[in-house]
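Letter 139 of the sequence shown, counting from 1, is numbered 558 in the numbering used here, and no numbers are missing. Positions of the beta carbon are idealized from the N, C-alpha and C atoms, including for glycine.
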Amino acid sequence: MCTVATVAAVGCGSSKTVVSNTNTTAAATSTPTATHTIPSPPTPATGKTVLGVQRVAALSNPFLVAGPRKLTVYAFESDQRSKSNSACTGSCASIWPPVTTVGRPVAKSPVEATKLATIKRADGIVQVTYNKHPLYYFSGDQASGETRGQGAQRLWYVLAPEGIEILR
């Protein structure tokens, strides 16, 4: 089975995840629903995660993406940036799967390599962080450019390449 790591794209059997900067005009909704089917969380292939950037018309700023489908990644307001752990575990992590990696993640311009790191979650999984924000996918985003998790419960936000939350 082919698997993926955050903010990047990876192919089956690939040793490196790659994401390119793209522009799209995909529409986005801001209210996630509880009635969608939750897909399997993306998991890393044997390789590095490469953080990339995307832009959609619904958001004025470019934002971080990952995985072979270039899915949007999110920061969780309840994570404390001074701690090296994730506050989203259990059922939360099934809806908001962590962006994970095998090996050291790599930044692709304009993503800043100095802001890219990892933490080891309580469950032992290595999660990618950017500007000390643990990164997550939203299970309701099924295609590149979707930002359905943006602003969810006023706790989940996409990140700009500078590592700051994009608020609407």
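Presumed contact (8 Å Cβ cut-off) between residue i and residue j, rounded CB distance
{"i": "His552", "j": "Ala494", "result": "4 Å"}
{"i": "Asp542", "j": "Thr566", "result": "27 Å between Cβ atoms; not a contact."}
{"i": "Ile585", "j": "Asn480", "result": "5 Å"}
{"i": "Pro524", "j": "Thr533", "result": "Wrong, their Cβ atoms sit about 12 Å apart, outside the cutoff."}
Member of the options whose CA lies at the smallest distance from the CA of residue i
{"i": "Val472", "options": "Trp515, Glu531 and Thr508", "result": "Glu531"}
{"i": "Gln546", "options": "Ile585, Gly564 and Trp515", "result": "Trp515"}
{"i": "Ala512", "options": "Gly582, Ile585 and Ser558", "result": "Ser558"}
{"i": "Gly486", "options": "Asn480, Leu470 and Arg500", "result": "Leu470"}
{"i": "Asn504", "options": "Asp560, Arg540 and Tyr555", "result": "Arg540"}
{"i": "Gln561", "options": "Arg488, Glu584 and Tyr549", "result": "Arg488"}
{"i": "Gly582", "options": "Gly564, Leu554, Tyr555 and Asn550", "result": "Asn550"}
{"i": "Pro529", "options": "Ile544, Val484 and Lys502", "result": "Val484"}
Residue i, enclosing beta strand (DSSP E) - first and last residue
{"i": "Pro475", "result": "Looking at the sequence itself, residue 475 is Val, so the reference to Pro does not match. Neither: Val475 is in no beta strand (DSSP E) and is coded neither H nor E."}
Count Cβ pairs between the stretch 558 to 574 and the stretch 519 to 526 that sit closer than 8 Å; are there 3 or more? The stretch 558 to 574, when compared against the stretch 519 to 526, does not touch it at the 8 Å Cβ threshold.
Are the stretch 577 to 586 and the stretch 484 to 493 in contact at 8 Å, needing three or more beta carbon pairs? Counting Cβ pairs under 8 Å, three or more are found: they touch.
Pick out the complete alpha helix (DSSP H) segments inside the stretch 484 to 559, 4 residues or longer, and give them in chain order. 510 to 514
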